[in-house]
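So for the sequence shown, my numbering puts the first residue at 863; every next one is plus one.
Backbone N, C-alpha and C define an ideal beta-carbon position, used for all residues, glycine too.
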Amino acid sequence: MPSAGRPKVLLELTIGEREQLGRWARRRKSSQALALRSRIVLECADGHTNKVVAARLGISQPTVGKWRSRFVEHRLDGLVDEPRPGRPATITPEQVEDVLVATLESTPEHATHWSRTKMAEKSGLSPSTIGRIWKAFGLQPHRADGFKLSNDPLFVEKVYDIVGLYLDPPESAVVLSVDEKSQVQALARSQPAFPMMPGMPERRTHDYVRHGTTTLFAAMNVADGTLISATHRRHRATEFKKFLATIDQNVPAGLDVHVICDNYGTHKHPTIKKWLTAHPRFQMHFTPTYSSWINQVERLFAEVTRDLLQRSDHRSVQALEKDLREWAKAWNKNPKPFIWTKTAEEILASLGRFLQRIKDGGH
């Protein structure tokens, strides 16, 4: 006769325990270990042997026996992981706070910002510990961004004006974001580039020969992203007037033209004012000083810089201008407008919060 083995302790569940185990067993995304243990206990409570439960759940018999015994001894608490052994934490909350305060409110001696090594020397902790603390609180002392606050007395009015054109453009009109990208250089690298290879980026020399400059004039339709462009060797009022004439030729006669541009002197030159008087459908909207971020065409200039100019190699200004014209033509085949989402109120509220964080802002 085969041995019957050691008799199993009777496993019975209360209504509350069965409901709780059912909730745990239905988990799909978290605590999968707890869900499996709950299914083991539920199967055992239905009268199945350890061998049958192991086969049904695809696990080993010792695993079934372990969690069956744990539940019989400790009930629901027995299915929860016990604290694991290991070295207790040696970094106190006070030490973490000291690191954060020192990082945010002080600078090291003879340096402009903290490094992990310098903060480790000050705090007595290891550099890796400092790195983990900074990462946990999103601190990156090695990084710095630039900014420039506008001192325009009409800043608020201009923000409302331009953002209003983006979010609620007037009917029977076209809104154009206009600017010049001046001093675009025709640069010829002194040596050919090494092409990209697996595991190696493209390599270019840092030195070059300059073959002259040109200026890209651009007017982007904020509604559909289409581009009106021209290149001129200079960017005086005379060239800007020619570009306005180019816009006038490309915009249907029945539409008003709202031009968003910056405060560059050529845009307000008497020659331009005289031309605008003769073309009343044109209305100028000037951005606040030091606020080129509000002019969407700047985002377009970032695209042409990334696509074409950043790695360009031109032996003449004519070749550069030809490539700029070809780039604009390709852009217009599949134009992509930049969608403005921030309201004027949100921009001003964000600026107000920023000003509260700096000292002696003068605004």
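What distance in whole Å lies between the Cβ atoms of residue j and residue i, which are believed to be in contact at a cut-off of 8 Å?
{"i": "Arg901", "j": "Ala887", "result": "5 Å"}
{"i": "Phe1079", "j": "Ser1091", "result": "6 Å"}
{"i": "Gln957", "j": "Ser985", "result": "7 Å"}
{"i": "Gly1156", "j": "Thr1149", "result": "Note that residue 1156 corresponds to Ile in the displayed sequence, not to Gly. That pair is a contact at about 5 Å."}
Roughly how many angstroms separate the alpha carbons of residue i and residue j, rounded to a whole number?
{"i": "Val963", "j": "Asp1007", "result": "21 Å"}
{"i": "Lys1010", "j": "Glu1033", "result": "34 Å"}
{"i": "Ser1153", "j": "Gln894", "result": "53 Å"}
{"i": "His1147", "j": "Trp1137", "result": "16 Å"}
{"i": "Glu1188", "j": "Lys1195", "result": "11 Å"}
{"i": "Leu1049", "j": "Thr1076", "result": "12 Å"}
{"i": "Cys906", "j": "Leu873", "result": "7 Å"}
{"i": "Trp996", "j": "Leu1027", "result": "42 Å"}
{"i": "Leu898", "j": "Leu941", "result": "10 Å"}
{"i": "Glu1160", "j": "Phe1200", "result": "11 Å"}
{"i": "His1097", "j": "Asn1125", "result": "14 Å"}
{"i": "Ser1047", "j": "Arg1173", "result": "Going by the sequence as given, residue 1047 is Gln instead of Ser. So the two alpha carbons sit approximately 12 Å from each other."}
{"i": "Leu1001", "j": "Arg880", "result": "47 Å"}
{"i": "Ser1212", "j": "Ala982", "result": "35 Å"}
{"i": "Pro1132", "j": "Leu1016", "result": "22 Å"}
DSSP on residue i, reduced to helix/strand/coil?
{"i": "Gln1218", "result": "helix"}
{"i": "Val1226", "result": "Residue 1226 lies beyond the residue range present for the chain, which begins at 863 and ends at 1225; the question has no answer from this structure."}
{"i": "Val926", "result": "helix"}
{"i": "Val1119", "result": "strand"}
{"i": "Lys1204", "result": "coil"}
{"i": "Leu875", "result": "coil"}
{"i": "Lys1010", "result": "coil"}
{"i": "His1094", "result": "strand"}
{"i": "Glu1064", "result": "coil"}
{"i": "Asp1175", "result": "coil"}
{"i": "His1073", "result": "strand"}
{"i": "Thr1144", "result": "Here residue 1144 turns out to be Phe, not Thr, going by the sequence shown. It is a strand residue."}
{"i": "Ser1153", "result": "coil"}
{"i": "Asp1041", "result": "strand"}
Looking only at C-alpha atoms, which of the options sits nearest to residue i?
{"i": "Ile992", "options": "Tyr1022, Arg1096, Asp960, Gly1116", "result": "Asp960"}
{"i": "Phe999", "options": "Arg889, Thr965, Lys1135", "result": "Thr965"}
{"i": "Ile1109", "options": "Arg1098, Arg1096, His1141", "result": "His1141"}
{"i": "Gly878", "options": "Arg937, Leu919, His910, Asp908", "result": "Arg937"}
{"i": "Ala1081", "options": "Val1037, Arg1219, Leu896", "result": "Val1037"}
{"i": "Ala1262", "options": "Ser985, Asp1023, Pro1114", "result": "Since the first residue shown for the chain is 863 and the last is 1225, residue 1262 is missing from the structure and cannot be characterised."}
{"i": "Trp1193", "options": "Glu971, Arg1065, Trp976, Leu1089", "result": "Leu1089"}
{"i": "Ser1012", "options": "Thr954, Val1021, Val1113", "result": "Val1021"}
{"i": "Ala1085", "options": "Arg1072, Gln1158, Pro1015", "result": "Gln1158"}
{"i": "Asp1030", "options": "Lys1204, Thr1167, Arg880", "result": "Lys1204"}
{"i": "Val1018", "options": "Gly1214, Gln1111, Asn1112", "result": "Gly1214"}
7 Å is my cut-off, CB to CB: does residue i come that close to chain D?
{"i": "Asp1007", "result": "Annotation note: the requested chain D is absent from the structure, which comprises a single protein chain."}
Should residue i and residue j be called a contact, given that it needs their Cβ atoms to be closer than 7 Å?
{"i": "Phe1163", "j": "Lys1043", "result": "yes"}
{"i": "Asn912", "j": "Val926", "result": "yes"}
{"i": "Ala1099", "j": "Thr1128", "result": "yes"}
{"i": "Ser1039", "j": "Ile1122", "result": "yes"}
{"i": "Arg1051", "j": "Tyr1070", "result": "yes"}
{"i": "Asp1118", "j": "Ala1035", "result": "yes"}
{"i": "Gly1074", "j": "Val1179", "result": "yes"}
{"i": "Glu979", "j": "Pro989", "result": "According to the sequence displayed, residue 979 carries Thr and not Glu. Against a cut-off of 7 Å, the Cβ pair of Pro989 and Thr979 comes out as a contact."}
{"i": "Val903", "j": "Leu883", "result": "yes"}
{"i": "Leu1186", "j": "Thr1067", "result": "no"}
{"i": "Thr1151", "j": "Asp1014", "result": "yes"}
{"i": "Gly1087", "j": "Pro970", "result": "no"}
{"i": "His1176", "j": "Leu1170", "result": "no"}
Please determine whether the Cβ atom of residue i lies at a distance below 6 Å from any heavy atom of the ligand MG.
{"i": "Arg1065", "result": "Of the ligands one can find in the structure shown there are none, so the ligand MG has no counterpart to examine."}
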